[in-house]
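As structure tokens, the structure follows; a few thoughts come after it.
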Ligand code: FES
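Numbering (the numbering used here), first residue to last: 894 to 1401.
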């Protein structure tokens, strides 16, 4: 079974051409996921001339590879924001996400989008005595904010629940169907979309000059960077303020009743659950096994672990789909949305959704479209990337110490002298003092790539579940042939014989 998200397989979407000419636009949006396409929708509805470019397909990244939960319940978050900041900030975060949820429902209704949108309660639970206090604290803060929520000592799940909190009237849907439909509306509203168009260079000006990999120039008064990890940094060091995390999802044929609701636990190992009915499918989605990118256990098959869990707890037996997703976590749990830094007034960023990209991505679209059309938004201060705690938290310092350790240990590691490689196997080989990753595919074709990350030079780690090279420093990922799967790296890995990798931080 090929690893691919059910959402992506369930909705083909339209094909959009690659950019093959120079253009001028009022607003260029880089990234065709939920923040980019929703921003394009809101702006084009107001008559702004928008252009969206994506390095791959629309909704081909994380927006199409999540669990499709549309909720303002983001595990334990409101008590964390209150203790990091205050109740007012936690309330503002809730109001923004609740407004996003309602906006998505009204867009779906207004445009008759068939995406299995369904209102349901969302639950955060624990099976451990150690986390009961966290749930109690979260419930107390949620009540103080005024959220429609309830506390539970048990749930209708075959699990040993110790405590849970539910938010009423949340939602789940098929994210790819939603975004594909929204993209078509953007075109009808006068916008343009180009796929397979990678941006290589930004020259910041009043009329920004943006250049594609093929050398075509886009002049844009406003530039919105909604490319998951920002491809352009504006000297704002986003790569050091974002922690990349990977998690895994399986979708099984559902043969037994599953309660109406979406569920996620607090403790480790992480578990997230929902059902899906549509297009003749009746599925139970089970996700979890999160780990920092490049820090997974090579000997573990995370899909098998989730399958065993699902069989044991829910008795289902056929895995129909499996996929994984990469999330970018901010240092203080709040995404970075707004002007890319305090100096720039026509370049915007949306990143760090910390696993809750459906509503947070829509919040990004609300804020950025307001900033572009009126210069103001009611939530701009809550999410501004220029807030001081996004740089100065203990987590930020810890994360960068981790980066330094990874860099040094990568330099000291010795390669494997054994070069006999089986089909489907990867080995590190040292050739003329340089470590390479050698992978042989099912047909016996050998790929040998330089495993120095092309972002800042950390040594890459092999991810056996996804057959990818993952960077433990800032989360870049490459396929076994060396192509970039996830930034911040922009250059591919070179194969043996092509010379050293082009290391380019792309922060200027
Ligand atoms: Fe920064 Fe690899 S992503 S060094």
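Ideal Cβ placement from N, Cα and C applies to all residues, glycine included.
Going by DSSP, what residue range makes up the alpha helix (DSSP H) through residue 1201? Locating residue 1201 in the chain shown gives position 308, where the first residue counts as 1. 1195-1207 is the span of the alpha helix (DSSP H), which, as asked, contains residue 1201.
Return the CA-CA distance between residue 1061 and residue 964, expressed in angstroms with no decimal places. Looking up residue 1061 in the chain shown gives position 168. Looking up residue 964 in the chain shown gives position 71. Cα-Cα distance, rounded: 10 Å.
Indicate, with yes or no, if the ligand FES has a heavy atom lying under 7 Å from the CB of residue 1413. Not covered by the structure: residue 1413. The range shown for the chain is 894 to 1401.
Confirm, please, whether the CB-CB distance from residue 1236 to residue 1146 is below 8 Å. The count along the chain shown starts at 1 and reaches residue 1146 at position 253. The count along the chain shown starts at 1 and reaches residue 1236 at position 343. Not a contact, by the Cβ cut-off of 8 Å.
For the putative contact between residue 1075 and residue 930, defined by C-beta atoms under 8 Å, what is the C-beta separation to the nearest angstrom? Indexing the chain shown from 1 puts residue 1075 at position 182. Indexing the chain shown from 1 puts residue 930 at position 37. Right, the Cβ-Cβ distance comes to about 5 Å (below 8 Å), so this counts as a contact.
Have a look at 1108, 1053, 955, 1084 and flag the residue whose alpha-carbon is nearest the alpha-carbon of residue 913. The count along the chain shown starts at 1 and reaches residue 913 at position 20. Of the listed residues, the one whose Cα sits closest to residue 913 is 1108.
Say the cut is 7 Å; is the CB of residue 1121 nearer than that to a heavy atom of the ligand FES? For the purposes of this step, residue 1121 is taken as residue 228 along the chain shown, with counting starting at 1. Placement of the Cβ of residue 1121 at a distance of 7 Å or more from every heavy atom of the ligand FES is found.
DSSP three-state call for residue 1249: helix, strand or coil? Looking up residue 1249 in the chain shown gives position 356. In the structure shown, residue 1249 sits in coil (DSSP, three-state: anything other than H, G, I, E or B).
Note down the Cα distance separating residue 995 from residue 1274, rounded to an integer number of angstroms. For the purposes of this step, residue 995 is taken as the residue at position 102 of the chain shown. For the purposes of this step, residue 1274 is taken as the residue at position 381 of the chain shown. Each residue's alpha carbon lies about 21 Å from the other.
Please state if the CB of residue 1144 and the CB of residue 1178 are separated by a distance shorter than 8 Å. Taking the first residue of the chain shown as position 1, residue 1178 is located at position 285. Taking the first residue of the chain shown as position 1, residue 1144 is located at position 251. Their beta carbons are under 8 Å apart, which means residue 1178 touches residue 1144 by this criterion.
Would you tell me roughly how many angstroms separate the C-alpha atoms of residue 1134 and residue 1364, rounded to the nearest one? Here residue 1134 is taken as the residue at index 241 of the chain shown, counted from 1. Here residue 1364 is taken as the residue at index 471 of the chain shown, counted from 1. In this structure, the alpha-carbon of residue 1134 lies about 15 Å from that of residue 1364.
Comparing C-alpha positions only, which one of 1384, 1389, 1100 sits nearest to residue 1323? Reading the chain shown from its first residue, position 430 is the one you call residue 1323. Considering only alpha carbons, the answer is 1389.
Once DSSP output is grouped into helix, strand and coil, what is the label at residue 1172? Counting from 1 along the chain shown, the entry for residue 1172 is found at position 279. The DSSP-derived three-state label of residue 1172 is coil.
Check whether the stretch 1157-1176 touches the stretch 1006-1016, counting contact only when three or more Cβ pairs, one atom from each stretch, lie closer than 8 Å. Yes: the two stretches touch, three or more of their Cβ pairs being nearer than 8 Å.
If contacts are defined as beta-carbon pairs under 8 Å, then residue 1239 and residue 1114 qualify, I think. What distance do you get, rounded to the angstrom? Within the chain shown, residue 1239 is the residue found at index 346, counting from 1. Within the chain shown, residue 1114 is the residue found at index 221, counting from 1. With 8 Å as the limit, residue 1239 and residue 1114 qualify as a contact, their Cβ atoms being about 6 Å apart.
Do we get a CB-CB distance below 8 Å when we pair residue 1279 with the residues of chain D? Of the protein chains in the structure, only one exists, and it is not chain D.
From this set, 1139, 1039, 1394, 1158, which residue's C-alpha is nearest residue 1419's C-alpha? This structure gives no information on residue 1419, because the portion of the chain shown stretches from 894 to 1401.
Is it buried or exposed for residue 926, if we count other Cβ within 10 angstroms and need 16 for buried? Along the chain shown, read from residue 1 onward, the residue named residue 926 stands at position 33. So residue 926 ends up on the buried side.
Starting from residue 1330, trace the beta strand (DSSP E) both ways and give me its first and last residue. Position 437 of the chain shown, counted from the first residue, corresponds to residue 1330. It spans 1327-1333 - the beta strand (DSSP E) in which residue 1330 sits, taken as one unbroken run.
Expressed to the nearest angstrom, what Euclidean distance is found between the alpha-carbon atoms of residue 1117 and residue 1105? To locate residue 1117, count along the chain shown from 1; it is residue 224. To locate residue 1105, count along the chain shown from 1; it is residue 212. In this structure, the alpha-carbon of residue 1117 lies about 15 Å from that of residue 1105.
Taking contact to mean 3 or more Cβ pairs, one atom from each stretch, closer than 8 Å, check whether the stretch 1197-1204 and the stretch 1380-1396 are in contact. Below 8 Å, too few C-beta pairs join the stretch 1197-1204 and the stretch 1380-1396 to call them touching: fewer than three.
What three-state label does DSSP hand residue 1108 in the structure shown? Translated into positions along the chain shown, residue 1108 becomes position 215. Reduced to three states, the DSSP call for residue 1108 is coil.
Between residue 1246 and residue 1313, what straight-line distance do the alpha-carbon atoms span, to the nearest angstrom? Taking the first residue of the chain shown as 1, we reach residue 1246 at position 353. Taking the first residue of the chain shown as 1, we reach residue 1313 at position 420. Approximately 43 Å, taken between the alpha carbons.
Cβ-heavy atom distance between residue 1130 and the ligand FES below 7 Å? Taking the chain shown and counting its residues from 1, one reaches residue 1130 at position 237. With a threshold of 7 Å, the Cβ atom of residue 1130 does not count as near the ligand FES, since no heavy atom of the ligand is closer than that.
Return yes when the Cβ of residue 990 is within less than 8 Å of the Cβ of residue 866, no when it is not. Shown here, the chain extends from 894 to 1401; a query on residue 866 therefore has no answer.
Report the option in 1148, 1220, 1162 whose CA atom is closest to the CA atom of residue 1204. Start at 1 with the first residue of the chain shown, and residue 1204 comes out as number 311. The candidate whose alpha carbon is nearest that of residue 1204 is 1148.
Around the Cβ of residue 1070, are there at least 16 other Cβ atoms within 10 angstroms (buried) or fewer (exposed)? In the chain shown, residue 1070 corresponds to position 177, counting from 1. Here residue 1070 is buried, its C-beta having at least 16 other C-beta atoms within 10 Å.
Integer-rounded CB distance, given that residue 1140 should sit under 8 Å from residue 1183: Residue mapping note: residue 1183 aligns to position 290 of the chain shown, counting from 1. Residue mapping note: residue 1140 aligns to position 247 of the chain shown, counting from 1. Between residue 1140 and residue 1183 the Cβ distance is about 4 Å, and since that is below 8 Å, they are a contact.
Residue 922 in three-state terms, based on DSSP: Locating residue 922 in the chain shown gives position 29, where the first residue counts as 1. Reduced to three states, the DSSP call for residue 922 is strand.
Give the single residue among 1185, 938, 1189 whose Cα lies nearest to the Cα of residue 1000. By one-based count along the chain shown, residue 1000 stands at place 107. Nearest Cα to residue 1000 within the set 1185, 938, 1189: 938.
Nearest to residue 1336 by alpha carbon, out of 1317, 1161, 1321? Position 443 of the chain shown holds residue 1336. When only C-alpha atoms are compared, the closest one is 1317.
Euclidean distance between Cα positions of residue 1045 and residue 1057: Walking along the chain shown from the start, residue 1045 turns up at place 152. Walking along the chain shown from the start, residue 1057 turns up at place 164. For residue 1045 and residue 1057, the distance between alpha carbons rounds to 5 Å.
Quick one: what's got a C-beta closer than 7 Å to residue 1102's C-beta in the same chain, skipping five residues either side? Taking the chain shown and counting its residues from 1, the one referred to as residue 1102 is at position 209. The beta carbon of residue 1102 is closer than 7 Å to those of 1096, 1110, 1112 in its chain, skipping five residues each way along the sequence.
Take residue 1050 and list the residues in its own chain whose beta-carbon comes closer than 7 Å to its own, dropping the five residues that flank it on each side. For this step, residue 1050 is matched to residue 157 along the chain shown. Apart from sequence neighbours up to five positions away, the residues of its chain that approach residue 1050 with a beta-carbon distance below 7 Å are 1152, 1156, ordered along the chain.
Leaving out five residues before and five after residue 1094 in sequence, what residues of the same chain have Cβ atoms less than 6 Å from its Cβ? Taking the first residue of the chain shown as position 1, residue 1094 is located at position 201. Beyond the five residues adjoining it in sequence on each side, residue 1094 comes within less than 6 Å, by CB distance, of 1104 in the same chain, given in chain order.
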